[in-house]
Amino acid sequence: MPTHNAINAMNAVTAIPAADSAAALAHFQASLHFETDCADVSSALASGSPGFVLLDVRSPALFEQGHVPGALNLPHGKIVASKLAAYPQDTLFVTYCAGPHCNGAARGALRLAQLGRPVKLMIGGVAGWLDEGFTLTQATASREMLNANT
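Each residue of the sequence shown is one higher than the last, beginning at 1 in UniProt numbering.
Shown next, in the form of structure tokens:
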């Protein structure tokens, strides 16, 4: 059992008090409306009917080096309404990029939201996908499929 001094220790973690339970509950409930994780995406894709379109928002060159199976490539800077026109307005898009060191997924999600599209971000990106033990593919059919929807 920790001593009283250990519980009240001041350091970088404890210097800013934790939110109260109600605020923490609201925050973490809300976060799940904006993000999902690699394991949940993998499970949904394996079901054969995921209910979302997975967008790799990295460059075509990085996409071709390896991407999540089933993902479509649409770099975040090229997300425009015409590229999404083939998808019903209520289609959920899930964006990902290289990993936590990259803000491409957030930029892509922002652009989709600006276009009025439902969107979530896959936390971890490619790095998280690999950390979970999942594999990447180099198939190019998924890139060609999205490019056909212009």
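Just so it is clear, CB atoms sit at the ideal spot from N, CA and C, and this is done for glycine as well.
None of these values were measured; they are calculated from a predicted model.
Using a 10 Å radius around the Cβ and a threshold of 16 neighbouring Cβ atoms, would you call Gly128 buried or exposed?
Residue environment analysis places Gly128 among the buried positions, since at least 16 neighbouring C-beta atoms fall within 10 angstroms of its C-beta.
Which residue marks the beginning of the beta strand (DSSP E) containing Lys78, and which one marks its end?
Per DSSP, Lys78 belongs to no beta strand (DSSP E) and is neither H nor E.
For a test of the three-state rule: what should DSSP assign to residue 181, helix, strand or coil?
An answer regarding residue 181 cannot be provided, because it is not within the stretch 1 to 150 covered by the chain.
Proximal residues to Ala15 (C-beta, below 8 Å), its chain only, five neighbours per side dropped:
No residues qualify anywhere along the chain.
Name the two residues that bound the continuous beta strand (DSSP E) containing Val53.
DSSP places Val53 inside the beta strand (DSSP E), whose first and last residues are Val53 to Asp56.
Rounding to the nearest angstrom, what Cα-Cα distance links Ala61 and Phe134 in this structure?
Going from the Cα of Ala61 to the Cα of Phe134 covers about 21 Å.
What ranges does the alpha helix (DSSP H) occupy inside the UniProt domain "Rhodanese" (48-138), keeping only unbroken runs of at least 4 residues that lie completely in it?
If we require 4 residues or more, the alpha helix (DSSP H) runs fully inside the UniProt domain "Rhodanese" (48-138) come out as 60-65, 81-84, 104-114 and 125-131.
Just tell me which of Gly99, Gly70, Ala85 and Cys38 has its CA closest to the CA of Gly48.
Nearest to Gly48 by alpha-carbon distance, out of Gly99, Gly70, Ala85 and Cys38, is Gly70.
Whether Lys120 touches Val94 by CB criterion (7 Å):
With contacts defined by Cβ atoms closer than 7 Å, Lys120 and Val94 form a contacting pair.
I'd like to confirm the pairing. Which residues does DSSP put opposite Asp40 in its beta bridges?
The partner list for Asp40 (beta bridge, DSSP) is empty, contrary to what the question assumes.
Presumed contact (8 Å Cβ cut-off) between Ile123 and Asp37, rounded CB distance:
Confirmed, Cβ separation roughly 5 Å.
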